[in-house]
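Engineer: Residue numbers for the sequence shown, in the UniProt record's numbering: 1 to 190. What follows is a structure written as structure tokens; I'll ask about it next.
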Amino acid sequence: MLSHKIVLLGTLLLLTGCGQKQLSSQQEPGHQTATSRSSQTTSSQAASHSSSAASQAPTATFKQQRFTIKDVTFNLTGSKVTASSTANRNLFVLYYSVTNHQAKSIIPNDIWQSAVSAQQSGHQLQTGNLAFTTNQTQDNNKLNRTVMDVAPGKTVTGLATFEPKNSPPITVTFKDTHHQIIHQSHYPLT
1 MLSHKIVLLG
11 TLLLLTGCGQ
21 KQLSSQQEPG
31 HQTATSRSSQ
41 TTSSQAASHS
51 SSAASQAPTA
61 TFKQQRFTIK
71 DVTFNLTGSK
81 VTASSTANRN
91 LFVLYYSVTN
101 HQAKSIIPND
111 IWQSAVSAQQ
121 SGHQLQTGNL
131 AFTTNQTQDN
141 NKLNRTVMDV
151 APGKTVTGLA
161 TFEPKNSPPI
171 TVTFKDTHHQ
181 IIHQSHYPLT
């Protein structure tokens with residue numbers, strides 16, 4: 001009798017656990033679909049979103065190569081075109097120092113990815129990977145620093161990468177927390 005109750009209780013717990021896992025796995029694809037849909041926003045939708053957001057006060061600034069958002073300042077220090085880890089491709093590298101003015105630690109790449117994007121000939125560029133050479137060691141170290149905690153009041157050097165498709169200039173767009181365009185910089189690749 002006691003063994004039947006234990007088996008029944010075990011079965012009940014097992015079914016409860018399975019039901020919860022199935023629910024979360026069912027929720028994931030819907031989330032991914034929503035993410036995919038939002039990344040395919042047309043330019044007219046982006047324009048209407050931008051005009052409705054324009055009524056909100058900007059939450060970021062760009063002045064003298066300094067982009068400040070969420071009490072974090074990215075000071076742009078240079079750019080270059082270098083070899084990508086993708087065969088026969090180049091990589092556009094944008095260098096910066098980042099200072100955390102918040103009261104808590106931040107991960108620079110999280111803030112950068114949410115606010116900065118690059119386009120070429122109207123197409124969104126993806127981030128690229130540095131080539132694996134000894135010449136790139138310093139750049140790899142800077143890239144690694146962008147995904148590590150930066151304590152309040154501290155400054156580190158970092159970089160961002162974009163993989164251009166061809167040779168037209170790259171436009172880097174800086175947006176605030178409302179997705180309003182704060183500044184656009186243009187970089188020739190030649």
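Backbone N, C-alpha and C define an ideal beta-carbon position, used for all residues, glycine too. Because the structure is a prediction, the values reported are computed rather than measured.
#1: Kindly indicate which three-state DSSP category R89 falls into: helix, strand or coil?
#2: Kindly provide the ranges of any alpha helix (DSSP H) runs that are 4 or more residues long and lie completely inside the region 85-141, ordered along the chain.
#3: Indicate whether the contact test is met: 3 or more Cβ pairs, each with one atom in the region 96-103 and one in the region 153-161, closer than 8 Å.
#4: Return the chain-ordered list of same chain residues with a C-beta closer than 8 Å to the C-beta of T82, the five sequence neighbours on each side being excluded.
#5: For N75, does the three-state DSSP call read helix, strand or coil?
#6: Strictly under 8 Å for the Cβ-Cβ distance: is I181 near chain C by that measure?
#7: Note down, in chain order, each residue of its chain lying with its Cβ closer than 8 Å to the Cβ of H123, except the 5 sequence neighbours on either side.
#8: Looking only at C-alpha atoms, which of S117, H101, T86, R145 sits nearest to I181?
#9: Since I believe S121 is in contact with P152 (beta carbons under 8 Å), could you give me their beta-carbon distance rounded to a whole number of angstroms?
#10: Within a Cβ cutoff of 6 Å, which residues of the same chain sit near N109, ignoring the five residues on either side of it in sequence?
#11: Would you kindly work out how many angstroms separate the C-alpha atoms of S85 and Y187, rounded to a whole number?
#12: Take the Cβ of D176 as the centre, count every other Cβ of all protein chains shown within 10 Å, and call the residue buried at 16 or more, exposed below.
#13: Check this for me: beta carbons of K70 and I111, under 8 Å apart or not?
#14: Per DSSP, which one or two residues make a beta bridge with L159?
#15: Taking the beta carbon of G128 as the centre, do at least 16 other beta carbons fall within 10 Å, making it buried, or is it exposed?
#16: Taking just the CA atoms, how far does V150 sit from N144?
#17: T61 to N141, Cα distance in whole Å?
#18: I'd like to know whether the C-beta atoms of T73 and H101 end up nearer to each other than 8 Å.
Structural biologist: This is what the structure holds:
#1: coil
#2: 108-115
#3: yes
#4: N90, L91, V93, L130, A131, Q136, D139
#5: strand
#6: Absent from the structure: chain C. Only one protein chain is present.
#7: K165
#8: S117
#9: Between S121 and P152 the Cβ distance is about 40 Å, and since that is not below 8 Å, they are no contact.
#10: T146, V147
#11: 21 Å
#12: buried
#13: yes
#14: Y95
#15: buried
#16: 12 Å
#17: 27 Å
#18: yes
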